[in-house]
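6 is the number of the first residue of the sequence shown in my numbering; add one for each residue after it.
By construction, the Cβ of each residue, glycine as well, lies at the ideal position given by its N, Cα and C atoms.
Taking it in order: structure first as structure tokens, then the write-up.
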Amino acid sequence: EDPDDVVEEVIETSDVDFRGGVGFTYTARLVPPDYFDKRHCTKDGQLKGRRPMPQEWAEDFLSKVTMTKDGLWIYRGELNGWNGLTDLQVVSMEYVYKTKGGVFSKTYWTARKSGK
């Protein structure tokens, strides 16, 4: 596809699971530093908290991801102001983008246990 056709680039995570939880799966949207959408941001450019689909600045999210001794990737923090969404296991990430032709996604990272 032609890069000139890209209207908006949004990175999303998919399948972010509770570590040791009861199997709930959450999807969170990771956004680039220059992101601004009046539906999801305050007037001063901060992300609004507690969105139905949690959102986080990509750089902040990635800085809070660590690998455990048993090889799991865990997000250490409170996701988008939801105090119940902490210590989540990151399972996979997708790159989601919109063009004039529609919305497309591509999985660019899938967690695997260390050493496997």
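Rounded to whole angstroms, the Cβ separation of V108 and V101 is 7 angstroms, and the two are in contact under 8 angstroms. The shortest C-alpha to C-alpha distance from Y80 to any of T91, G86 and Q60 is the one to T91. In the DSSP secondary-structure assignment, S68 is not bridged to any residue. For M98, the uninterrupted beta strand (DSSP E) run begins and ends at T91 to T104, by DSSP. Taking 3 residues as the shortest admissible run, the stretch 22 to 58 contains the following complete beta strand (DSSP E) segments, listed from N- to C-terminal end: 34 to 36.
For R81, the enclosing beta strand (DSSP E) covers residues W78 to E83.
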